[in-house]
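Enquirer: Mind looking over this structure? Questions follow.
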Amino acid sequence: MKTRLLTTAAAFAVAGGAMVATTGTAQATDAVRVASVQADSTSATVAAKKFSGVRSWGAVRGYASLKAIKGVMTDRMDDRRCVQVTVWWAIAVKGKDGKKKAKILDVDRGAVCGKGKSKKFTSTPDYRGRPFKADGAALAMKRLPVR
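Note that the working numbering has the sequence shown beginning at 60, numbered continuously upward.
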């Protein structure tokens with residue numbers, strides 16, 4: 060997998076501020092950002108925060124920290140489509156312009172298919188099979204095309 064260097068606006072905030080878990084706010088779309096987690100520069104410990112995202116077609120809920128994101132995803136609609144959860148793990152780096160950016164080192168995905176079916180998932184930061192200390196993570200839920 061190639062690593063990508065993204066601006067914090069394009070990916071998610073990694074440096075500065077406290078750890079944040081948010082609920083997605085997209086309207087009738089097939090993708091929604093559900094949660095983001097970031098390092099707190101004033102604290103060495105980061106507690107897990109609860110998150111949830113619900114749409115007519117799917118749901119995801121669980122706990123997010125910089126060490127792991129654990130939860131359950133559910134397909135809520137009989138539409139021959141699947142619900143996919145994607146987690147991006149990143150570290151903070153300085154870009155050529157001197158601004159902090161998120162360098163994504165790991166992307167984890169899981170899916171569940173079939174109305175009423177649920178699947179547990181756990182995602183941890185690792186680069187080529189080796190764990191690393193993440194400065195931030197983001198989680199999104201989307202519908203996959205008709206299968």
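Here a beta-carbon is modelled for each residue, glycine too, at the ideal position from N, C-alpha and C.
1) When the distance is taken between beta carbons, is ALA199 closer than 8 Å to ALA90?
2) Quick one: which unbroken beta strand (DSSP E) runs of 3-plus residues sit fully inside the segment 114 to 194? Chain order, please.
3) May I ask you to report which of helix, strand or coil DSSP gives LEU203?
4) Ends of the beta strand (DSSP E) at ALA106?
5) Does DSSP put ALA98 in a helix, a strand or coil?
6) Sort out for me which residues DSSP pairs VAL91 with in a bridge.
7) Say the cut is 7 Å; is the CB of ASP167 nearer than that to a heavy atom of the ligand FAD?
8) Alpha carbon to alpha carbon, what distance is there between LYS129 and PRO190?
9) In whole angstroms, give me the CA-to-CA distance for ALA151 and ALA161.
10) Ignore the nearest five residues each way along the sequence and tell me which others in THR181's own chain have a CB closer than 7 Å to its CB.
11) Out of curiosity, what's the CA-to-CA distance linking VAL119 and ARG187?
12) Run the CB neighbour count on ASP138, radius 10 Å, all protein chains shown included, and call it buried at 16 or more, exposed below.
Expert: Let me lay it out:
1) Taking the sequence shown and counting its residues from 1, the one referred to as residue 90 is at position 31. Taking the sequence shown and counting its residues from 1, the one referred to as residue 199 is at position 140. Against a cut-off of 8 Å, the Cβ pair of ALA199 and ALA90 comes out as a contact.
2) 117 to 123, 128 to 134, 141 to 153, 159 to 172 and 177 to 182
3) Reading the sequence shown from its first residue, position 144 is the one you call residue 203. It is coil, neither helix nor strand.
4) Position 47 of the sequence shown holds residue 106. ALA106 -> no beta strand (DSSP E), and no H or E assigned at all.
5) Working through the sequence shown from its first residue, we reach residue 98 at position 39. Three-state result, ALA98: coil.
6) Taking the sequence shown and counting its residues from 1, the one referred to as residue 91 is at position 32. MET200.
7) Among the ligands in the structure shown, none appear at all, so the ligand FAD cannot be discussed.
8) On the sequence shown, position 131 is the one that residue 190 refers to. On the sequence shown, position 70 is the one that residue 129 refers to. Using only the alpha carbons, I get a separation of about 16 Å.
9) Here the question's residue 151 lines up with position 92 in the sequence shown. Here the question's residue 161 lines up with position 102 in the sequence shown. Cα-Cα distance, rounded: 5 Å.
10) The residue given as residue 181 occupies position 122 in the sequence shown. Excluding positions up to five away in sequence, the list reads ALA127 and LYS129.
11) The sequence position of residue 119 within the sequence shown is 60, counting from 1. The sequence position of residue 187 within the sequence shown is 128, counting from 1. Looking at the two C-alpha atoms, the distance is approximately 27 Å.
12) Stepping through the sequence shown from its first residue, residue 138 is reached at position 79. The residue is exposed, with fewer than 16 neighbouring Cβ atoms inside 10 Å.
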